[in-house]
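**Student:**
Residue numbers (the numbering used here): 1 to 333.
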């Protein structure tokens, strides 16, 4: 992740980005009505992060062939914290907030997701279903903060829910109802973590992720010893080869340090509305990698269900006010 000095130097290369980034880095409100165009390098970086996050579901699938799910999750968060904490400063937020976020994301999201992917759901469908966190986050925001639900958000939710319903009607083989429910629980935990993270203020997101990883690591290890057994845990660690440890490192370095580091940098440079739609590529990469690398079947119903969920996500990103203004100008012209 770039330092503030590097950010300013990079921003000077483009006046529009400079005005927006300088405002964000100095704690001022970004200029309204001005959305700086993304540079090609930043577009490629955003796509690269989505590729890492999407194809990671295949990496998880392969690692689970060697490591039990809770142990795998414990090792993932241990490595995400241990070396990075020496280089990344702890954000100025209460420990209670970091611990709560870490438990929701580490145990509730990834711990449960890894259990689901251990023979209960295919990597491609897992990468798709977990994106329901977008709509659960909206629902929690409506419930907890009184935020009003927009018409387009209702349409988006109905589309995505229809896609999940279609998946439920075609449960077979490598995917079970339990797996589907577990991934939806993981999505709900992710959404709850999003609500906690909203209270972080201007704290650096990379530091937030790294230091919050301290909380779930011991909890997941204790759960692994209780649920999977000390003998299984010790045998799995001893049997883990280079590929398994590479998968663990990929979780920490690829997903956490690179993924969240670049993502936080892009969010500092551009409006969230410019960056957020790139998340639509996560299930695309997830399903594509699962089909190509693992031979996951892609029948018509799965294509339709995927299309409905991704379309729902896309509709959820539509700025209704801008759309109304454009339609109004079109009618006047």
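Note that CB positions come from ideal geometry on N, CA and C, so glycine has one too.
1) Using 10 angstroms around the beta-carbon of residue 190, count the other beta-carbons present and answer buried if the total reaches 16, otherwise exposed.
2) Out of curiosity, what's the CA-to-CA distance linking residue 294 and residue 85?
3) Helix, strand or coil for residue 65, going by three-state DSSP, please let me know.
4) Can you give the Cα-Cα distance for residue 345 and residue 310, rounded to whole angstroms?
5) Which residue comes first and which comes last in the alpha helix (DSSP H) that contains residue 269?
6) With distance defined between alpha-carbon atoms, name the residue in 38, 62 and 195 nearest to residue 122.
7) Only counting the same chain, and skipping five residues up and downstream in sequence, which positions put a Cβ closer than 7 Å to that of residue 260?
8) Alpha carbons only, please: which of 40, 44 and 59 is nearest the one belonging to residue 287?
9) Roughly how many angstroms lie between the CA atoms of residue 267 and residue 257, to the nearest whole one?
10) Out of 197, 253, 242 and 179, which has the shortest C-alpha to C-alpha gap to residue 66?
11) Is the beta carbon of residue 71 closer than 8 Å to that of residue 341?
12) Threshold first: 4 residues or longer. Then list the alpha helix (DSSP H) segments lying entirely within the segment 185-220, N to C.
13) Quick check for students: name the residue ranges of the alpha helix (DSSP H) that lie wholly in the segment 140-191, counting only runs of 4 or more.
**Tutor:** Let's see:
1) buried
2) 35 Å
3) coil
4) Outside the displayed span of the chain (1 to 333) sits residue 345, for which this structure offers no information.
5) 261-269
6) For residue 122, the nearest C-alpha among the options comes from 62.
7) 205, 206 and 209
8) 59
9) 15 Å
10) 242
11) With the chain covering only 1 through 333, there is no way to say anything about residue 341.
12) 205-212
13) 151-169
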